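Those protein sequences? They're chains A and B, same order as listed. Heads up: the first sequence is residues 0 to 360, going by numbering that gives the first Met the number 0. Heads up: the second sequence is residues 0 to 254, going by numbering that gives the first Met the number 0. Just so you know, even glycine gets a beta-carbon here, dropped at the ideal spot from N, CA and C. Quantities reported herein were computed from a predicted structural model and do not represent experimental measurements. Please read the structure below before turning to the comments.
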Amino acid sequence: MKYGVLISGFLLLAGACCTFAQDAASSEGGPLKTRYSVSVIDDATFYGNLREPLPDVLNQVLVEPSFSLRYQDRLSFSTSLIGVAGTYSDNYSQLRVKETYASLSAGDFDFTAGRKMVRWGTGYAFTAAGVLDPPRNPTDPTDRLNLNEGRDMVKADWVRGRHALSIAWSTAALAPANADLHDTTALRYNVLVRGFDTSLIAGHDRDSDSFGGLTFTRVLGQAWEIHGEGMWRDQAVVLLGGKFTMHSGVSFIGEFYTPPNTAYYRDMSISPLAGRQHYAFFNASKSRLRELPGWKEWDISGSIVANLNNHSSTGVFDVNRWFGNHFSSYMHMEIPHGAKTSDYGAAPYSTATSLGVRFQL
Amino acid sequence: MSRADCVLRWFLTLFFLAFLLTYALVSHAASLPAPDAETLLKRSDAFRNGWPAYVVNVKITTYEAGRSDEEHLYEVSQKGTDKTYVDFMSPREKGRHLLMLGDDMWVYLPDTSRPVRITPLERLTGDASNGDVARTNYAVDYSPVFLRNEKVGAVDCNVLELTAKRKGATYQRIVYWLRTEDARPVRAEFYLTSGKHIKSATFDEYEPYGGKTLLHKLTLYDEIRHTSHSVLEYSEATQRKLPDKLFYQGRADRF
């Protein structure tokens, strides 16, 4: 009942946003511009062979309205909310603020204040240098349910030509208690030079470490992209990756990631005595199977992520199908493998299969 | 001299004079210098890029077996010849952005955690590729050579062969038909490095925008799967002052 009211409230809010946005859209070309989007997801996850006394189905409904307002290319305000209502061992409902921020643009400078997603890391499944980024989940790098939240920050950017300098201060005061975040001050210099999109990043976590590192991406020839991140935070962290695209549109992504076993980088399932960890990720995907008659609306993807130290892994398989411009359905399956005390083998199920329907406006 | 001989002599004289005149005209035409391909290409680009900085809306309708099955909307901002920013407006693509800076291209996908570098091959996906929308200054990307004069329907055309001269070019080779009268693009054939003929295009309609005649409708035909074609409709082309920082590769947040 409680979350039914929540969902109704969200739908009303979304409707109001739409109405406002559509009215405002008629003034397109004027000083005030608006954009909106609403996404509704109904997701059910079925756990196979659960090893713990837990329900074997998780049902979730997510409503995600986003709204942006821009005045004269100078002032802007954006907000993106997430309403989650779910049923598992208990019923629950949550309201999350994914992003809500205001920006002022003046000459070569941009100033931003509020909760905002920044993405400084170049990794796909992992990140070493994304000090303000939302966490990467290698079994769900695309954040299927859009549950990632930004950091609360004030940020100033200076952009001139191919050079950009950003300085950000982020507070952990409003972060969820279990987020284990610190107040962070970070600086990034980004430049595009000889095809290398390169960033130097440095900063400090209050009551914790200072850090420094670099990221790069580069396209080689017709089909290759390479990317990497290196960071020093007490110890070295390295990520190297690449993407290869075939003529048919099939893409392959591979990444190697090695974090130290320090409190900042350690996964909950890893013992503090386990030493440096090494991970590998491989993904093959094809969006839009247009070569097969009748399969144009289908996207497929298969991945495997492995901890090379304890030989555990998870296989991931995704299928997505569009129905027109607004509706899509998907299947996301995870199959963990490994010893029960290992990184991925510790998952209390043999398979987790999520089926969902998504509406986007 | 009989009357018949006289008529025959006159006839032969006239025939000889006509022959000489025709020969002279044909020889003169044959000795005309070939049109300057570079100039023609630059003039043809002006039909697709009206101002040094502008914004234009592009609607792409894809047809399968003659039936419309998909529609995509884009807002394209272009500055100079090597900066393009494409905002995806369709519901199923909302939040995506595409940025082209010289030879480099990024796509910002809302469901991935970072801006993604696009390889040249990825520019070719779909009937209308990223490159078809974002790279329309052919004089910058290709070296032209004049091939011949040819009629397309009733329209006299200069035919150019364009060869990619920088790695950011979408295609390796283009055969390009430009109307002789004003260098307006009429037709094109697009080829990959392998030599495969991948697409053809007809430049169907032009309309006046802000005192200039600009391309309004372009049809792209898939030469691999012959059942598919896409219609690109350009509208609301407007000259606009665009700040450099709109084209900054490090910004994932756009509006």
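The segment 223-239 of chain A in contact with the segment 91-107 of chain A per 3-pair CB rule at 8 Å: no
Inspect the beta-carbon positions of residue 186 of chain A and residue 166 of chain A and report whether they are closer than 8 Å. Yes.
Please name the residues in the segment 225-247 of chain B whose beta-carbon is closer than 7 Å to at least one beta-carbon of chain A, in chain order. 243, 244, 247
Under 8 Å between C-beta atoms of residue 227 of chain B and residue 62 of chain B: yes
Tell me, please, whether the CB atom of residue 209 of chain B is closer than 8 Å to any CB atom in chain A? no
Select from the segment 236-251 of chain A all residues with a C-beta closer than 9 Å to any C-beta belonging to chain B, and list them in chain order. 242, 243, 244, 245, 246, 248, 250
Nearer than 7 Å: is that true of the beta carbon of residue 218 of chain A relative to any heavy atom of the ligand ATP? As presented, the structure is devoid of all ligands, the ligand ATP included, so that no description of it is given.
For residue 168 of chain A, return the contacting residues in chain B, with the cut-off set at a CB-CB distance below 7 Å. Residues of chain B passing the Cβ test: none, with the nearest at roughly 18 Å.
Those runs of the beta strand (DSSP E) which lie wholly inside the segment 108-194 of chain A and span at least 3 residues: 108-115, 150-159, 162-170, 183-192
Exposed or buried, which one is residue 15 of chain B when buried takes at least 16 other CB atoms within 10 Å? exposed
Between the segment 31-65 of chain A and chain B, which residues of the former have CB atoms less than 7 Å from a CB of the latter, in chain order? Residues of the segment 31-65 of chain A that bring their beta carbon within less than 7 Å of a beta carbon in chain B comprise 34, 36, in sequence order.
What are the uninterrupted segments assigned as beta strand (DSSP E) that are 3 or more residues long and contained completely in the segment 61-92 of chain A, given in chain order? 74-86
Residues in the segment 194-219 of chain A having any Cβ partner in chain B nearer than 9 Å: Within the segment 194-219 of chain A, the residues whose Cβ lies closer than 9 Å to some Cβ of chain B are 194, 196, 198, 216, 217, 218, 219, listed in chain order.
Can you give the beta carbon distance from residue 43 of chain A to residue 353 of chain A, rounded, assuming they're within the 8 Å contact cut? The beta-carbon separation of residue 43 of chain A and residue 353 of chain A, rounded to 7 Å, stays under the 8 Å limit for a contact.
If you compare alpha carbons, which of B:198, B:230, B:180, B:188 is closest to residue 204 of chain B? B:230
Helix, strand or coil for residue 37 of chain A? Go by DSSP, reduced to three states. strand
Where are the beta strand (DSSP E) runs, 3 residues long or more, that stay fully inside the segment 134-202 of chain B, in chain order? 141-151, 154-163, 172-178, 184-190
Given a cut-off of 8 Å on the beta-carbon distance, is the pair residue 361 of chain A and residue 336 of chain A in contact? Since the first residue shown for chain A is 0 and the last is 360, residue 361 of chain A is missing from the structure and cannot be characterised.
Just to confirm, are residue 176 of chain B and residue 151 of chain B a CB contact at a threshold of 8 Å? Taking 8 Å as the cut-off, the beta carbon of residue 176 of chain B is found closer than this to the beta carbon of residue 151 of chain B.
From the beta carbon of residue 121 of chain B, is the nearest beta carbon of chain A less than 8 Å away? yes
Give the residues from the segment 309-331 of chain A that approach chain B closer than 8 Å (Cβ to any Cβ), ordered along the chain. 321, 324, 325, 327
Neighbour-count burial assignment, residue 18 of chain B, 16 or more Cβ in a 10 Å radius: exposed
In angstroms with no decimal places, state the Cα-to-Cα distance between residue 247 of chain A and residue 73 of chain A. 42 Å
C-alpha distance - residue 302 of chain A paired with residue 331 of chain A, whole-angstrom precision: 11 Å
Could you work out which residues of chain B lie near residue 158 of chain A, taking near to mean beta carbons separated by less than 9 Å? 242, 243, 244, 247, 249, 250
Residue 274 of chain B to residue 233 of chain B, Cα distance in whole Å? A question about residue 274 of chain B goes unanswered here, because the residues of chain B that appear run from 0 up to 254.
Going by C-alpha distance, which of A:324, A:293, A:200, A:194 is nearest residue 132 of chain A? A:200
Less than 8 Å between the C-beta atoms of residue 210 of chain A and residue 153 of chain A, yes or no? no
Rounding to the nearest angstrom, what Cα-Cα distance links residue 86 of chain A and residue 54 of chain A in this structure? 10 Å
Kindly say whether residue 51 of chain B, judged by its beta-carbon, lies nearer than 8 Å to any beta-carbon of chain A. no
DSSP state of residue 118 of chain B, grouped into three classes? coil
For residue 96 of chain B, count neighbouring C-beta atoms within 10 Å of its own C-beta (all shown protein chains included) and say buried if the count is 16 or more, exposed if not. buried
Count Cβ pairs between the segment 248-268 of chain A and the segment 283-292 of chain A that sit closer than 8 Å; are there 3 or more? yes
Put residue 76 of chain B into one of helix, strand or coil per three-state DSSP. strand
Minimum Cβ-Cβ distance from residue 224 of chain A to chain B less than 8 Å: yes
Label residue 340 of chain A either buried or exposed according to how many other C-beta atoms from any shown protein chain fall within 10 Å of its C-beta, with 16 as the threshold for buried. exposed
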